[in-house]
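*Asks:* First the structure, which I've put down as structure tokens, then a few questions once you've had a look.
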Amino acid sequence: MKLYDYPRSSAAYRVRIALNLKGQTFEAVPVNLLEGAQRGEDYRALNPTGLVPSLDTGEGLLGQSLAIIEYLDERFPAPPLLPAGAFARARARALALQVACDIHPLNNLRVLQYLVREFGIDEQQKLAWYHHWLQQGLAALERQLTETDSPFCCGDTPGLADICLVPQLYNARRFGLDLAPYPRLVAIEAACLRLEAFAAAHPDHHQEA
Ligand SMILES: N[C@@H](CCC(=O)N[C@@H](CS)C(=O)NCC(=O)O)C(=O)O
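So, in structure tokens, the structure goes:
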């Protein structure tokens with residue numbers, strides 16, 4: 005499979021982790037977000053959203069990291085990325101969606117660029133915006149996850165929620181957010197990064213970095 009990828013993209017990072025957990029090798033095709041390659045006609049012809057990642061699955065191209073991860077989970081069932089049972093599965097998805105829908109889109113590159121371009125916000129205001137949405141989202145996750153003491157978000161094995169959490173924390177650090185108020189999230193992140201599948205997907209270790 006071919007992953008249209010950018011090392012620091014947290015949505016692409018999610019898919020790299022999932023591919024690694026599933027033991028699937030893939031070819032990474034770099035799409036340089038800082039140079040705007042995601043908006044170029046070549047890439048938009050493949051994925052009209054102009055966002056990474058996209059996965060060429062061999063049976064068609066897919067966008068949207070969560071849809072890709074669920075596709076991988078169905079196509080390669082072991083190890084499962086969602087727990088057993090309807091309630092546990094819904095809870096795992098809810099945690100993942102808190103990152104993917106409630107935090108990440110507000111702080112995406114194109115949103116930050118729009119705020120700068122259209123409303124003339126400066127670096128400090130941009131950072132305040134960024135930290136505001138992160139803090140709200142991470143505080144909610146921390147509160148929910150302290151109700152359990154499993155090594156990962158939803159039990160003894162890593163899954164969809166961890167796959168979303170780890171890249172978001174990488175991103176938070178990159179933008180200088182103090183993670184001290186979120187010890188449970190940081191502990192889960194540490195447990196994940198001890199695993200090769202997560203470590204190899206990290207932007208600093210990823211082959212395209
Ligand atoms: N909901 C999408 C989000 C994809 C997304 O926002 N990707 C970011 C990188 S993490 C991107 O391509 N940004 C380019 C831009 O904002 O111009 C997913 O989960 O795949």
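Those letters in the sequence shown? Residues 5 to 213, per this note's numbering, in order. Think of the CB as a built atom: it goes at the ideal place given N, C-alpha and C, for glycine as much as any other residue. These numbers come from a predicted model, not from an experiment.
According to the neighbour-count rule (16 or more other Cβ atoms, all chains shown, within 10 Å of its Cβ), is L55 buried or exposed?
*Replies:* buried
*Asks:* With a Cβ-Cβ cutoff of 8 Å, do L164 and L189 count as a contact?
*Replies:* Not a contact, by the Cβ cut-off of 8 Å.
*Asks:* Distance, Cα to Cα, A213 vs R198?
*Replies:* Any answer about A213 is weak, because its pLDDT of 48 lies below 50 and its placement is not dependable; what the coordinates show is given next. Their Cα atoms are separated by approximately 20 Å.
*Asks:* Going by beta carbon distance, what residues of the same chain come within less than 6 Å of L173, once the five residues before and after it are set aside?
*Replies:* E193
*Asks:* Between which two residues does the beta strand (DSSP E) containing Y8 stretch?
*Replies:* K6 to D9
*Asks:* Along the chain, where does the beta strand (DSSP E) containing G67 start, and where does it finish?
*Replies:* L65 to G67
*Asks:* Alpha carbon to alpha carbon, how far is E200 from E122?
*Replies:* 42 Å
*Asks:* Thinking just about the alpha-carbon of each residue, which of K6, R97, R18 and R20 is nearest to the one in G64?
*Replies:* K6
*Asks:* Determine the DSSP secondary structure at E127, reduced to helix, strand or coil.
*Replies:* helix
*Asks:* My output table needs one value for L197: the three-state DSSP class, helix, strand or coil.
*Replies:* Helix, per DSSP.
*Asks:* Using alpha carbons as the reference points, say which of Y186, A88, G141 and P171 lies closest to C196.
*Replies:* P171
*Asks:* Check whether the segment 125 to 135 and the segment 87 to 105 touch, using three or more Cβ-Cβ pairs below 8 Å as the test.
*Replies:* Between the segment 125 to 135 and the segment 87 to 105 there are fewer than three inter-stretch CB-CB distances shorter than 8 Å, so the stretches are not counted as touching.
*Asks:* Please report the straight-line C-alpha distance between D77 and E127, rounded to a whole angstrom.
*Replies:* 40 Å
*Asks:* My guess is that L86 and R93 are in contact by the Cβ rule of under 8 Å, so how many angstroms apart are they, rounded?
*Replies:* 5 Å
*Asks:* Would you tell me roughly how many angstroms separate the C-alpha atoms of V120 and K130, rounded to the nearest one?
*Replies:* 8 Å
*Asks:* Please state whether the Cβ-Cβ distance between C4 and A96 is less than 8 Å.
*Replies:* Residue coverage of the chain in this structure runs from 5 to 213, which leaves residue 4 outside it and unanswerable.
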